[in-house]
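Sequence order for the protein chains is W and G. Note that the numbering used here has the first sequence beginning at 64, numbered continuously upward. Note that the numbering used here has the second sequence beginning at 64, numbered continuously upward.
2 protein chains.
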Amino acid sequence: MDEVRWLSEREQEIWRAFITVTEGLTEHFDRQLQRDSAMPYTYYEILVALSEAPGRTLRMSELAGARGSSRSRLSHAVARLEDVGWVRRRTCPTDKRGSFAVLTDAGFAALEAAAPGHVTAVREKLFDALTPEQVTALGEISKAILAGLNCQELSDPCD
Amino acid sequence: MDEVRWLSEREQEIWRAFITVTEGLTEHFDRQLQRDSAMPYTYYEILVALSEAPGRTLRMSELAGARGSSRSRLSHAVARLEDVGWVRRRTCPTDKRGSFAVLTDAGFAALEAAAPGHVTAVREKLFDALTPEQVTALGEISKAILAGLNCQELSDPCD
DNA sequence: CTCGGATTGTTGAGCTTTCAACCGCACCGT
DNA sequence: ACGGTGCGGTTGAAAGCTCAACAATCCGAG
């Protein structure tokens with residue numbers, strides 16, 4: 064089974080449209096947050112995750128795992144967020160290898176300030192562009208793709 | 064109309080799933096290309112665009128505009144692609160400001176070598192995960208979002 | 001013809017991400 | 001207790017992207 068199943072004309076068109084959308088949306092949201100709130104989208108995600116956690120605190124590994132971020136990336140990011148005073152690190156008492164990341168009041172305030180603009184952008188550019196049926200379909204499509212993505216990063220097909 | 068239209072529980076769930084998918088897919092494809100063909104996805108896109116152009120040649124601005132890339136990004140990228148010998152620059156005879164980017168034979172060969180793996184990844188992770196109806200829906204959804212994205216980067220609503 | 005503004009493309013600095021190497025600590029078997 | 005294995009997290013270098021500034025050229029108005 065060495066044969067490549069190339070994309071048909073129609074599939075190519077859909078693929079191009081899809082990839083253009085993902086790039087366009089992420090760029091749009093990233094720019095909006097950077098411009099209005101001086102943070103990249105990935106940092107916004109970190110602040111959100113922390114704000115929803117009990118005690119606004121998460122282990123580094125949980126924070127990394129919650130979203131698909133690598134440990135290294137998160138470590139750098141949290142270092143930067145510490146510099147601007149939005150996050151603080153605390154050592155874990157029960158496991159001295161571990162680290163907690165804690166959202167500071169300043170960080171929470173920054174998130175509160177950033178949220179309206181971001182949510183508005185998401186609504187305008189994503190939900191307002193779609194019919195209710197399309198929104199539903201998008202949800203199901205996303206879950207279907209996610210299932211296929213997570214099933215293995217190992218090498219072999221999951222079916 | 065200063066009120067923020069927050070996302071409902073359901074909308075949040077869909078949004079999260081969608082953003083996770085886009086991040087997951089782009090990371091997956093980027094890794095695959097980097098691992099198997101030593102190029103990031105953005106470079107792959109540049110090679111594809113050039114390979115489809117007449118004479119495998121495009122003006123820098125056309126190349127940038129074809130995909131949503133900034134001039135700066137493209138300039139850096141082409142510089143790098145020139146270093147590895149996949150692209151060559153030529154000055155434009157009719158407009159001395161302009162530059163052509165030309166795909167070399169080595170670049171075309173690299174693209175031919177990279178394509179099967181990439182297309183296979185796209186098929187496995189995207190198309191195989193969806194039903195035919197979902198594929199159709201994804202195409203329409205993408206076009207709808209694109210229309211909303213392009214209508215203005217200026218500032219004001221397009222409706 | 002000439003000047004001013006717009007266009008094309010490049011450059012360098014700063015920031016984020018990735019990759020590989022690494023340290024310290026926990027856990028487990030002996 | 002001891003030693004190995006592996007986890008949790010950090011670090012530094014290299015690579016890519018963004019942003020702002022810039023150089024060179026083109027174009028149009030006077």
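A virtual CB, placed ideally from N, CA and C, is assigned to each residue, including glycine.
- Query: Going by alpha carbons, who is nearest to histidine 181(W) out of Thr89(W), Arg79(W), Glu125(W)?
  - Reply: Sequence index remark: in the first sequence, residue 181(W) carries index 118 (1-based). The shortest C-alpha separation from histidine 181(W) is found at Thr89(W).
- Query: Looking only at DSSP bridge pairs, what is phenylalanine 81(W) linked to?
  - Reply: Numbered from 1 along the first sequence, position 18 holds the residue referred to as residue 81(W). Phenylalanine 81(W) pairs with nothing; no bridge assigned.
- Apart from the five residues on each side of it in sequence, which residues of its chain come closer than 8 Å, Cβ to Cβ, to alanine 189(W)? On the first sequence, residue 189(W) is found 126 positions in, with the first residue counted as 1. Contrary to the premise, residue 189(W) reads as leucine rather than alanine in this sequence. Excluding residues within five positions, the ones whose Cβ falls inside 8 Å are Leu88.
- Beta-carbon contacts of alanine 112(G) that lie in its chain and below 8 Å, excluding the five residues immediately before and after: Here residue 112(G) is taken as the residue at index 49 of the second sequence, counted from 1. The answer, listed in chain order, is Leu121, Leu126, Ala129, Arg130.
- Cross-strand partners of valine 165(W) (DSSP beta bridge): By 1-based counting over the first sequence, the position of residue 165(W) is 102. Per DSSP, Thr120(W), Arg151(W).
- Is it true that the stretch 99-118 of chain G meets the stretch 65-85 of chain G, where meeting means three or more beta-carbon pairs spaced less than 8 Å apart? no
- Item | Cβ neighbour criterion (16 or more within 10 Å) applied to threonine 226(W) | With chain W running from 64 to 222 in the structure shown, residue 226(W) is simply not present.
- Item | Top-ranked residue by Cα proximity to arginine 137(G), from Val198(G), Asp146(G), Val147(G), Ser124(G) | Residue numbering aside, residue 137(G) sits at position 74 when the second sequence is read from its first letter. Note on residue identity: the sequence assigns leucine, not arginine, to residue 137(G). Among Val198(G), Asp146(G), Val147(G), Ser124(G), the Cα nearest to that of leucine 137(G) is on Ser124(G).
- Message: Need the endpoints of the alpha helix (DSSP H) that threonine 105(G) sits in, please.
- Response: Locating residue 105(G) in the second sequence gives position 42, counting from the first residue. Start and end: 104-115.
- Item | Whole-angstrom C-beta distance between leucine 209(G) and threonine 83(W), which should lie under 8 Å | By one-based count along the first sequence, residue 83(W) stands at place 20. By one-based count along the second sequence, residue 209(G) stands at place 146. With 8 Å as the limit, threonine 83(W) and leucine 209(G) qualify as a contact, their Cβ atoms being about 6 Å apart.
- the stretch 118-150 of chain G: which residues have C-beta closer than 7 Å to a C-beta of chain W, in chain order? Gly131
- Message: Is there a C-beta anywhere in chain W that falls below 8 Å from the one on glutamine 197(G)?
- Response: Looking up residue 197(G) in the second sequence gives position 134. Judged by the 8 Å Cβ criterion, glutamine 197(G) is in contact with chain W.
- Query: Excluding five sequence neighbours on each side, which residues of the same chain lie with their C-beta closer than 8 Å to the C-beta of glutamine 95(G)?
  - Reply: Here residue 95(G) corresponds to residue number 32 of the second sequence, with the count starting at 1. Cβ within range, chain order: Gly180, His181, Ala184.
- Contact with chain G by aspartate 93(W), beta-carbon distance below 8 Å: Locating residue 93(W) in the first sequence gives position 30, counting from the first residue. Cβ-Cβ to chain G under 8 Å: no for aspartate 93(W).
- Task: Could you list which residues in chain G have their beta carbon closer than 8 Å to that of serine 205(W), in chain order?
- Result: As a position in the first sequence, residue 205(W) is number 142, starting the count at 1. What serine 205(W) touches in chain G: Ile77, Ala80, Phe81, Thr83, Val84.
- Would you mind giving the Cβ-Cβ distance between leucine 144(W) and tyrosine 107(W), rounded to the nearest angstrom? I have them listed as a contact below 8 Å. As a working note, residue 144(W) is residue 81 in the first sequence. As a working note, residue 107(W) is residue 44 in the first sequence. About 11 Å separates the two Cβ atoms, so there is no contact after all.
- Would you mind giving the Cβ-Cβ distance between valine 165(G) and isoleucine 77(W), rounded to the nearest angstrom? I have them listed as a contact below 8 Å. For the purposes of this step, residue 165(G) is identified with residue 102 of the second sequence, where counting begins at 1. For the purposes of this step, residue 77(W) is identified with residue 14 of the first sequence, where counting begins at 1. Not really, about 30 Å apart at Cβ, beyond 8 Å.
- Item | Within-8 Å CB hit, phenylalanine 190(G) to chain W | For the purposes of this step, residue 190(G) is identified with residue 127 of the second sequence, where counting begins at 1. With 8 Å as the cut-off, phenylalanine 190(G) counts as an interface residue toward chain W.
- Taking buried to mean at least 16 other C-beta atoms within 10 Å of its own C-beta, is histidine 139(G) buried or exposed? Within the second sequence, numbered from 1, the residue matching residue 139(G) stands at position 76. Classification of histidine 139(G): exposed, given that the 10 Å Cβ count is below 16.
- From the DSSP output, in three-state form, read off threonine 194(W) for me. For this step, residue 194(W) is matched to residue 131 along the first sequence. Of the three classes helix, strand and coil, the one that applies to threonine 194(W) here is coil, per DSSP.
- Message: Would you say leucine 70(G) lies against chain W (beta-carbon separation less than 8 Å)?
- Response: In the second sequence, residue 70(G) corresponds to position 7, counting from 1. So, interface residue.
- Taking any Cβ of chain W, which residues in the stretch 166-195 of chain G have a Cβ under 9 Å from it, in chain order? Ala178, Pro179, Gly180, Val182, Thr183, Val185, Arg186, Glu187, Lys188, Leu189, Phe190, Asp191, Ala192, Leu193, Thr194
- Is the beta carbon of phenylalanine 81(W) less than 8 Å from the beta carbon of leucine 174(G)? Numbered from its first residue, the first sequence carries residue 81(W) at position 18. Numbered from its first residue, the second sequence carries residue 174(G) at position 111. Not in contact: phenylalanine 81(W) and leucine 174(G) (Cβ atoms no closer than 8 Å).
- Task: Return the CA-CA distance between isoleucine 204(G) and aspartate 158(W), expressed in angstroms with no decimal places.
- Result: Residue mapping note: residue 204(G) aligns to position 141 of the second sequence, counting from 1. Residue mapping note: residue 158(W) aligns to position 95 of the first sequence, counting from 1. Looking at the two C-alpha atoms, the distance is approximately 47 Å.
- Query: Can you check whether the CB of arginine 151(G) is closer than 8 Å to the CB of threonine 167(G)?
  - Reply: As a working mapping, residue 167(G) is identified with position 104 in the second sequence. As a working mapping, residue 151(G) is identified with position 88 in the second sequence. Yes, the Cβ-Cβ distance between threonine 167(G) and arginine 151(G) is below 8 Å.
- When we look at the beta-carbon of glycine 177(W) and count the other beta-carbons within 10 Å, is it buried (16 or more) or exposed? For the purposes of this step, residue 177(W) is taken as residue 114 along the first sequence, with counting starting at 1. According to the sequence displayed, residue 177(W) carries alanine and not glycine. Alanine 177(W) should be labelled buried.
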